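Some notes on the structure that comes next.
Numbering (my numbering), first residue to last: 95 to 417.
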């Protein structure tokens, strides 16, 4: 297929682009490089520097790419995604995450592009009362980031039958690991594993453990970690599972949770560094346990994550970090 990967110079987008190229697809990455990296775009993929918030820039890209033939599908990763920043700048998050999606949907309608796979998030669910989390649970996001992504999901639900397109939203939980030269590197890093790797590398003095009194076996919060390579594979499968006029939503996770202390120990083992940690009070709004049910993804997409050992994700992330 001929594919546009929007936001394909970022962490998950670049890994997915690499997997798509390896599968034999013709990939054009579109990214404004505001948070992505030009050198993360995999060999074999074309690159266009453009901001899809700007309809003119998006139109220029589509005109150039479609001159060589029709585009079969779009994979949409472009988003503002920092929860804390979204709380401070809600208008910015709604403008970016909703408008980019609206622009792409209109471009699909106008250019006869039939399929979109959307990078959604478990933040759509907010703080669920029970786990594992299934797709039919209430969506009550607790921050502007989650709310803006949920609004984009809802747009897809209405656009699929209205425009006759096939849409799939993949709701991620925690993503970890790396895939060769593609990995996680954010200017502002909020994710646990890369922050622990900073400590292991001597670039930060100590790690913070927020909350040790949760109702969990070791008192720390539990999260579901998925290897980024397995995540990319789900996008490839979603392209084949998408159905015209329908919007499919699938959670992506392993169904297994790891506590903060378990992640900390995995980092110590993978790096051989002591990684000192300081216990701190809970952060407001942090649920005790977030674990996905990925049964729908297994059944409908045929997706079976292969890299379910936490130590493997950490080791791959550490290898990338040292590069």
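Just so it is clear, CB atoms sit at the ideal spot from N, CA and C, and this is done for glycine as well.
A quick note: this is a predicted structure, and the numbers were derived from the prediction, not measured.
| Check | Outcome |
| --- | --- |
| Can the beta-carbon of residue 269 be found less than 7 angstroms from the beta-carbon of residue 320? | yes |
| Roughly how many whole angstroms lie between the Cα atoms of residue 371 and residue 284? | 16 angstroms |
| If you check the beta carbons only, do residue 225 and residue 385 fall under 7 angstroms apart? | yes |
| Classify residue 282 as buried or exposed, calling it buried when 16 or more other Cβ atoms lie within 10 Å of its own Cβ. | exposed |
| From which residue to which residue does the alpha helix (DSSP H) around residue 414 run? | 404-416 |
| Using 7 angstroms as the threshold, is the C-beta distance between residue 318 and residue 401 below it? | no |
| Can you confirm whether residue 314, when its beta carbon is compared against all beta carbons of chain B, has any partner nearer than 7 angstroms? | The structure shown contains no chain B; it is built from a single protein chain. |
| Assuming the contact rule is C-beta atoms closer than 8 angstroms, residue 265 and residue 191 should be a hit. Round their C-beta distance to whole Å, please. | About 14 angstroms separates the two Cβ atoms, so there is no contact after all. |
| My output table needs one value for residue 207: the three-state DSSP class, helix, strand or coil. | coil |
| Let me know the secondary structure DSSP gives residue 178 once reduced to three states. | helix |
| Assign residue 382 to one of three DSSP states: helix, strand, or coil. | coil |
| From which residue to which residue does the beta strand (DSSP E) around residue 154 run? | Unbroken run through residue 154 is the alpha helix (DSSP H), 149-160; no beta strand (DSSP E). |
| With DSSP collapsed to three states, give me the class of residue 54. | This structure gives no information on residue 54, because the portion of the chain shown stretches from 95 to 417. |
| With distance defined between alpha-carbon atoms, name the residue in 380, 374, 398, 198 nearest to residue 223. | 380 |
| What does the Cβ neighbour count give for residue 234, buried or exposed, with the cut at 16 atoms within 10 Å? | exposed |
| Okay, do the region 191-201 and the region 238-252 touch, 3+ Cβ pairs below 8 angstroms being the bar? | yes |
| Between 193, 303, 203, 341, which lies nearest to residue 263 when the distance is taken from Cα to Cα? | 341 |
| In angstroms with no decimal places, state the Cα-to-Cα distance between residue 184 and residue 194. | 15 angstroms |
| Nearest CA to the CA of residue 294: which residue from 357, 108, 156? | 357 |
| On the three-state DSSP scale, how would you describe residue 351? | strand |
| Nearest-angstrom Cα distance between residue 205 and residue 310? | 51 angstroms |
| Considering only heavy atoms of the ligand HEM, does any lie closer than 6 angstroms to the CB of residue 110? | Ligands are entirely absent from the displayed structure, and the ligand HEM is therefore not among its contents. |
| Between the Cα of residue 259 and those of 132, 162, 212, 174, spot the shortest distance and give me the residue it belongs to. | 212 |
| Is the beta carbon of residue 110 sitting closer than 7 angstroms to the one on residue 326? | yes |
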